[in-house]
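Residue 41 in full-length UniProt numbering is what sits at position 41 of the sequence shown, and the numbering runs on without skipping anything.
A virtual CB, placed ideally from N, CA and C, is assigned to each residue, including glycine.
Please read the structure below before turning to the comments.
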Amino acid sequence: MTYRCDHLHLRSRDAVAAARFYVEALGARETGRDGAPVVSRVMLDLGGLTLFIEQAPAATGPAAQPPNLGIEHLGLRVDDIEATVADLRERGIALVSGITDVRPGLRIAFFDGPDGVRIEVLQRGA
Numbered sequence: 001m002t003y004r005c006d007h008l009h010l011r012s013r014d015a016v017a018a019a020r021f022y023v024e025a026l027g028a029r030e031t032g033r034d035g036a037p038v039v040s041r042v043m044l045d046l047g048g049l050t051l052f053i054e055q056a057p058a059a060t061g062p063a064a065q066p067p068n069l070g071i072e073h074l075g076l077r078v079d080d081i082e083a084t085v086a087d088l089r090e091r092g093i094a095l096v097s098g099i100t101d102v103r104p105g106l107r108i109a110f111f112d113g114p115d116g117v118r119i120e121v122l123q124r125g126a
């Protein structure tokens with residue numbers, strides 16, 4: 001058997017606002033919406049990863065606080081982490097951690113997206 005990534009499914013208290021964040025802050029492209037007149041799901045392409053952002057029912061509990069079991073974070077590779085972090089800060093997005101040199105050739109930083117989604121930006125080098 002062969003497995004290929006198809007999508008990542010997120011739940012949000014405001015799917016439209018969450019999708020707007022991924023489009024405006026991270027350059028995702030909206031590919032579709034389900035539901036009318038109330039949107040129940042927004043579909044995005046984020047650097048080749050399909051994100052489904054579903055409108056969560058009002059009774060849905062809060063997101064887990066890292067570190068936690070299950071999906072811990074979403075990692076996005078960037079070419080220039082310093083420029084990326086500067087851009088995020090200019091957009092008013094607070095970082096959870098500044099740039100960290102994990103090992104030679106790997107630099108990372110974390111911030112929180114909508115609904116408690118932890119997002120890592122990383123730069124890999126030689």
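**Message:** Within the continuous beta strand (DSSP E) that includes Asp87, where are the two ends?
**Reply:** First-last for Asp87: Ile81 to Glu90, but that is the alpha helix (DSSP H), not the beta strand (DSSP E).
**Prompt:** Whose C-alpha, out of Leu46, Ser40, Gly61 and Thr60, is nearest the C-alpha of Glu54?
**Reply:** Ser40
**Prompt:** Is the segment 55 to 64 touching the segment 85 to 94, taking contact as three or more C-beta pairs under 8 Å?
**Reply:** no
**Per-residue burial, Tyr3 [other beta carbons within 10 Å of its own, 16 or more giving buried]** = exposed
**Asked** Residues bridged to Gly75 by DSSP?
**Response** Glu120
**Item:** Proximity winner among Leu74, Arg20, Ala25 and Gly70, relative to Leu49 (alpha-carbon distances)
**Value:** Leu74
**Prompt:** So who's on the other strand from Ser97, going by DSSP bridges?
**Reply:** Phe110
**Request:** Kindly indicate the opening and closing residues of the beta strand (DSSP E) around Arg33.
**Result:** Arg29 to Asp34
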